[in-house]
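Using UniProt numbering, read the sequence shown as starting at 1 and increasing by one per residue.
Virtual Cβ for every residue (Gly too), placed ideally from N, Cα, C.
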Amino acid sequence: MSATTMDRPADTAMRRNVRLLFCCQALMNSSVVGQATMGALIGYSLAENKSLATLPMALQMLATMAASIPAGMVFAHLGRRAGFMLGAAGSLLGSLVFALGVWQASFPLYCLGAIPAGLGFGIAQHYRFAAAEVASPAYRPRAIALVMAGGVIAAALGPELVKHSRDLLAPFLFLGTYLFLALMPLACMALLTRVTLPPAPPRAAVATPVMEIVARPAFLTAALTGAVAYGSMNLLMTSTPLEMMLCGFGIPASATVIQVHAMAMYAPGFVTGRLIGRFGTRPVIVAGIVLNALCVALALMGKDFLHFTLALMALGVGWNFMFTGATTLLAEAHTPTERVRAQTANDFIVFGTVACTAFGSGLLHATSGWNLLNILVLPALVIALLRIARRPVRFAA
């Protein structure tokens with residue numbers, strides 16, 4: 001029997017696991033895309049101070065950042081499955097508390113729902129790392145990109161749920177939507193019982209200090225790229241429904257734009273891994289930076305439906321190229337025994353940035369306007385470009 005024949009069952013099992021992780025990512029992201037579609041609008045309707053409209057999203061991202069620490073502990077001691085089950089439970093609880101806040105018309109209660117929802121979202125970010133761990137080195141970029149592409153289903157499902165269920169339990173706008181979104185983590189839990197996930201990583205005799213990992217040039221490049229990708233995307237996406245509302249567009253129009261944006265975020269995942277394999281990680285990241293700059297240019301050119309749509313499409317593809325590239329770079333910046341610590345530190349940095357942009361988005365939009373909000377993205381993109389343009393320093397495991 002040839003080595004190729006012997007490898008086929010392992011290859012089949014690997015691809016099956018990647019497909020299951022794809023589905024889990026799709027289900028968990030559906031809640032997030034739905035929340036992005038309606039969260040700022042609900043915040044605007046419930047908050048007396050309209051500059052706090054994006055506060056729930058900011059709290060959710062703070063919780064996402066904070067989730068990196070307990071998630072790292074659970075993954076390190078109990079393995080991936082237990083961690084992902086905990087994340088699904090957090091997402092379920094978040095949807096139910098959001099629903100209670102809408103039912104009670106309570107802004108503080110609605111904000112409270114962002115905490116467990118953010119914890120669930122933060123833990124779900126590790127599906128891309130799990131994909132890297134179940135895949136062979138040659139297949140790793142494609143596995144990461146394909147699991148991230150699970151957001152394509154979320155992009156179609158999340159906004160459609162918002163459109164068709166927002167009035168289901170009238171007069172409580174969006175109450176029915178949150179009850180539907182609560183079903184997503186339950187389905188994810190069922191799938192997690194079928195996927196083969198890596199056990200808890202081996203414990204090093206002497207753990208590498210986190211600051212030593214963070215100081216590596218390879219880690220800094222990956223974390224900075226990921227932070228700029230997610231931070232700039234979130235800054236603009238969060239305020240888009242608000243700006244469209246002020247321009248006279250209704251909920252279905254803004255939901256459609258967010259849906260197109262989410263599709264643009266995740267659909268390239270079917271090819272991003274191949275592009276990285278052919279052209280290299282850094283050229284793909286540079287292409288993402290250029291697309292994000294194009295988003296800013298389109299947003300400044302006009303405020304009709306087409307400009308909003310095209311700008312958010314460019315923003316979505318740019319995010320995909322940058323964030324997938326950053327995740328690929330991160331996999332090269334640590335040893336197997338350091339993986340959880342490196343991933344935890346990375347997500348703490350990335351989602352700390354996202355939390356700041358989520359809160360700053362509503363504040364800047366209310367005080368400085370849409371144009372300045374877009375222009376502020378450009379310096380961050382330049383910093384990321386300069387970092388990527390530096391000669392790469394390989395980390396020797």
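8 angstroms Cβ cutoff met for residue i and residue j
{"i": "M38", "j": "G151", "result": "no"}
{"i": "M61", "j": "V354", "result": "yes"}
{"i": "P198", "j": "V290", "result": "no"}
{"i": "L312", "j": "H365", "result": "no"}
{"i": "L59", "j": "G118", "result": "yes"}
{"i": "A229", "j": "W319", "result": "yes"}
{"i": "P171", "j": "L41", "result": "no"}
{"i": "V210", "j": "R390", "result": "no"}
{"i": "C24", "j": "F84", "result": "yes"}
{"i": "S239", "j": "S91", "result": "no"}
{"i": "G231", "j": "T367", "result": "no"}
{"i": "L373", "j": "L275", "result": "no"}
{"i": "R194", "j": "L21", "result": "no"}
{"i": "S136", "j": "M233", "result": "no"}
Close-in-space but distant-in-sequence residues of the same chain around residue i (CB under 6 angstroms, 5 per side omitted)
{"i": "L27", "result": "M184, A187, C188"}
{"i": "T196", "result": "N17"}
{"i": "N346", "result": "A223, L330"}
{"i": "T5", "result": "The predicted position of T5 is uncertain, since its pLDDT is 42 and thus under 50; a value taken from the coordinates is nonetheless stated next. Cβ neighbours of T5 beyond the five flanking positions: none."}
{"i": "S2", "result": "Only weak support is given to the placement of S2: the predicted model assigns it a pLDDT of 43, under 50, and the value that follows is read from those uncertain coordinates. Cβ neighbours of S2 beyond the five flanking positions: none."}
{"i": "residue 400", "result": "No answer is possible for residue 400: the residues shown for the chain start at 1 and end at 397."}
{"i": "G176", "result": "S165, L168, L169"}
{"i": "L181", "result": "S31, G34, S95"}
{"i": "I115", "result": "A63"}
{"i": "N29", "result": "G151, A154"}
{"i": "G101", "result": "L109, Y110, G113"}
{"i": "P268", "result": "V317, N320"}
{"i": "G325", "result": "T281, V284, I285"}
{"i": "F351", "result": "M61, T64, M65"}
Heavy atom of the ligand SAH within 7 angstroms of residue i beta-carbon
{"i": "Q25", "result": "What this structure holds is no ligand at all, so the ligand SAH is not there to describe."}
Nearest residue (CA-CA) to residue i, options the options
{"i": "G158", "options": "M263, R387, F279, G43", "result": "M263"}
{"i": "I285", "options": "A227, V102, G120, L112", "result": "A227"}
{"i": "T344", "options": "R15, G72, C24", "result": "G72"}
{"i": "A53", "options": "T367, L372, L363, L386", "result": "L363"}
{"i": "residue 415", "options": "A267, R15, Q259, R278", "result": "Nothing in the structure corresponds to residue 415, since the chain is present only between 1 and 397."}
{"i": "M237", "options": "G273, V317, G90", "result": "V317"}
{"i": "P141", "options": "F279, M65, M233, S361", "result": "F279"}
{"i": "F348", "options": "A131, A67, G277", "result": "A67"}
{"i": "E338", "options": "G90, F219, S91", "result": "F219"}
{"i": "R387", "options": "M322, M14, S51, M245", "result": "M322"}
{"i": "A36", "options": "K50, R19, F22, M57", "result": "M57"}
{"i": "P70", "options": "M14, I123, V296", "result": "I123"}
{"i": "V271", "options": "I251, T208, Y139, L173", "result": "Y139"}
Same chain, Cβ closer than 8 angstroms to residue i, neighbours up to 5 away in sequence not counted
{"i": "K303", "result": "E243, C247, W370"}
{"i": "A47", "result": "A53, L55, F107"}
{"i": "L298", "result": "H307, L310, A311, A314"}
{"i": "L300", "result": "N371, N374, I375"}
{"i": "L378", "result": "A293, V296"}
Nonlocal neighbours in the same chain, by C-beta distance under 7 angstroms from residue i, ignoring five residues either side
{"i": "A99", "result": "L175, Y178, L179"}
{"i": "L294", "result": "A314"}
{"i": "Q125", "result": "D347"}
{"i": "A82", "result": "V74"}
Would you call the stretch 223 to 230 in contact with the stretch 321 to 338, where contact means no fewer than 3 C-beta pairs closer than 8 angstroms? yes
Assess contact between the stretch 213 to 220 and the stretch 300 to 315, defined as three or more Cβ pairs (one per stretch) separated by less than 8 angstroms. Is contact present? no
Would you call the stretch 161 to 175 and the stretch 245 to 257 in contact, with 3 or more CB pairs under 8 angstroms? yes
Within the chosen definition, does the stretch 370 to 387 reach the stretch 68 to 80 through at least 3 CB pairs nearer than 8 angstroms? no
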